[in-house]
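The opening position of the sequence shown corresponds to residue 407 in my numbering, with each subsequent residue numbered one higher.
Let me begin by presenting the structure, written as structure tokens, before commenting on it.
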Amino acid sequence: MATDYILFIHGVNTREQQAQPSYANDLIKLLDRAIASHAPTLNPKYIPLYWGDTLFDEQQKRLDKFRASSQWKRLWFRNFRSTQLMQFIGDATLYINRHVGAKVVEELARQIEVNLPSQPQPDDRLHIVGHSWGTVILFDILFAGRWDLPNVPGGDRVRTIRQRIFGVAPERERGIRLASIHTLGSPIALFNLIDLVPDATTGLGDTYDIAKNLQELLQTLYRERRQQPLPWYNFIHPSDPFAWTLKEVMQEVVGSGLVEIEDVITRDTDFTDLLMLPFRQTPVSLLINGGDAHASYWRCRDVVQKMSSAIASNRVKQCAIA
């Protein structure tokens with residue numbers, strides 16, 4: 407029986423605690439119920455990857471040094487600095503370091519080896535769900551040239567991950583075919599990973615650039631899907647400061663025919679959202695509601711509806727063109 411593998415990767419929690427291994431539980435329960443309603447014959451397998459404690463020790467060492475400063479207590483927004491800001495920027499800068507980032511790669515490779523088959527069935531499908539900084543991490547692992555350099559820490563494990571996904575270099579004919587992408591509160595458009603200009607003297611792009619390998623994956627999938635573009639939903643809560651639109655940025659990089667991107671503004675509201683409406687363009691809303699908004703996707707009705715519909719309808723389309 408064909409399997410739809412739904413792969414989750416979390417970002418920073420942006421609250422007082424780091425992300426926990428159970429981060430996707432609410433969304434998985436809602437998705438499972440919705441998929442069963444849309445397409446009861448589907449066989450979904452949910453795979454929530456977890457890297458949240460990999461960088462914790464390194465981040466905590468730096469935070470302890472900040473707090474040891476005689477001037478620390480004079481700073482404003484100390485809680486914001488040591489939670490949302492430190493977790494987001496700290497995880498980003500630590501991961502970019504090759505030796506520290508290799509620890510994340512090792513942990514993700516171990517989990518992917520256990521959960522994604524090396525010899526999938528021909529009609530198995532993969533759906534990627536990336537939250538926040540986790541989106542950047544996964545796309546960096548799959549497409550950035552920095553992992554192809556000789557003797558780079560983590561390079562062998564990156565190749566292990568890439569072999570599990572069809573169309574990803576260097577062994578493009580191996581792995582599970584990607585059927586949809588869903589990004590939640592993602593800042594990937596802000597990072598110079600998908601829009602770098604090649605060096606004028608060497609003609610080579612930066613090793614962090616993912617554009618070339620991503621475009622080649624999309625071209626491979628486009629041929630396999632018989633000129634059907636890959637669906638990509640980019641979910642944005644209006645008060646999430648880490649979420650950015652993606653459609654125009656990505657179209658400039660890979661064109662508009664290979665991938666069908668939709669920026670989706672989520673509409674779930676509670677009392678806090680309504681209370682913040684008069685302050686939505688001020689720092690007050692950012693400090694009070696920003697972290698909650700960034701975590702809201704895991705229980706959002708709009709995310710569940712779009713994602714479950716895409717997974718179910720994509721399976722029907724794939725069966726029709728197979």
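Think of the CB as a built atom: it goes at the ideal place given N, C-alpha and C, for glycine as much as any other residue.
This structure is a prediction, so every number in the text was calculated from the model and none was measured.
Please list, in chain order, all residues of the same chain as residue i whose beta carbon is under 7 Å from its beta carbon, the five residues on each side excluded.
| i | result |
| --- | --- |
| E577 | Q569 |
| W704 | Y429, A430, D432 and L433 |
| E622 | A575 |
| L692 | With a pLDDT of 49 at L692, under the threshold of 50, the modelled position of that residue is not reliable, and the figure given next carries that caveat. Around L692: P647. |
| R673 | D708 |
| N521 | I453 |
Give me the Cα-Cα distance between residue i and residue j, rounded to the nearest whole angstrom.
| i | j | result |
| --- | --- | --- |
| I412 | A442 | 14 Å |
| Q711 | L584 | 20 Å |
| F394 | I616 | In this structure the chain extends from 407 to 728, so residue 394 is not present and cannot be described. |
| A359 | T541 | Since the first residue of the chain shown is 407 and the last is 728, residue 359 is not available in this structure. |
| G458 | G663 | 35 Å |
| S645 | G661 | 29 Å |
| A408 | L636 | 19 Å |
| A726 | F572 | For A726, the predicted model reports a pLDDT of 44, less than 50, meaning its position is unreliable and no value from the coordinates is stated. |
| V659 | L627 | 17 Å |
| R552 | P446 | 42 Å |
| R504 | D554 | 12 Å |
| P528 | L624 | 18 Å |
| R516 | Q657 | 33 Å |
| E512 | F494 | 21 Å |
| G417 | Q633 | 32 Å |
| E519 | I582 | 13 Å |
| L491 | F641 | 21 Å |
| S524 | D530 | 12 Å |
| G591 | W650 | 7 Å |
| T499 | E464 | 11 Å |
| L448 | R565 | 30 Å |
| S719 | Q426 | 31 Å |
| S666 | I547 | The displayed chain sequence assigns Glu, not Ser, to residue 666. If I take the Cα positions, the gap works out to 22 Å. |
Span of the beta strand (DSSP E) holding residue i?
| i | result |
| --- | --- |
| E666 | V665 to I671 |
| G536 | R531 to H537 |
| L584 | R583 to L590 |
| D410 | D410 to I415 |
| I642 | L636 to I642 |
Which residue marks the beginning of the alpha helix (DSSP H) containing residue i, and which one marks its end?
| i | result |
| --- | --- |
| N619 | A617 to E630 |
| F462 | F462 to R473 |
| N449 | Careful: N449 lies outside any alpha helix (DSSP H) and carries neither H nor E. |
| R567 | Correcting the residue type first, residue 567 is Ile in the shown sequence and not Arg. Element bounds for I567: G561 to R568. |
| V655 | K653 to V660 |
Return the chain-ordered list of same chain residues with a C-beta closer than 6 Å to the C-beta of residue i, the five sequence neighbours on each side being excluded.
| i | result |
| --- | --- |
| S714 | L437, A440, I441 and H444 |
| I415 | L455, G536, G540 and L544 |
| Y639 | H588, E668, V670 and K712 |
| H533 | I412, A585, S586 and I717 |
| G496 | Q465 |
Excluding sequence positions up to five away, which residues of its chain have a Cβ less than 8 Å from the Cβ of residue i?
| i | result |
| --- | --- |
| S488 | L469, F472 and R473 |
| T420 | Because the pLDDT at T420 is just 46, under 50, the model does not fix this residue reliably, and the value given afterwards should be weighed accordingly. Only T489, Q490, Q493, F494, S538, F648, G696, G697, H700 and A701 meet the Cβ criterion. |
| K653 | N640, I667, E668 and D669 |
Should residue i be counted as a contact of the ligand ADP given a C-beta to heavy atom distance under 8 Å?
| i | result |
| --- | --- |
| G417 | Ligands displayed in this structure: none; no statement on the ligand ADP is therefore possible. |
Entirely within the stretch 478-516 and at least 4 residues each: give me those alpha helix (DSSP H) ranges in chain order.
DSSP runs (the alpha helix (DSSP H)) wholly in the stretch 478-516: 492-502.
For the 8 Å Cβ check, are there 3 or more pairs between the stretch 494-512 and the stretch 475-485?
Cβ pair count under 8 Å is below three, so no.
Take every Cβ of the stretch 554-566, pair it with every Cβ of the stretch 435-450, and state whether three or more of those distances are shorter than 8 Å.
no
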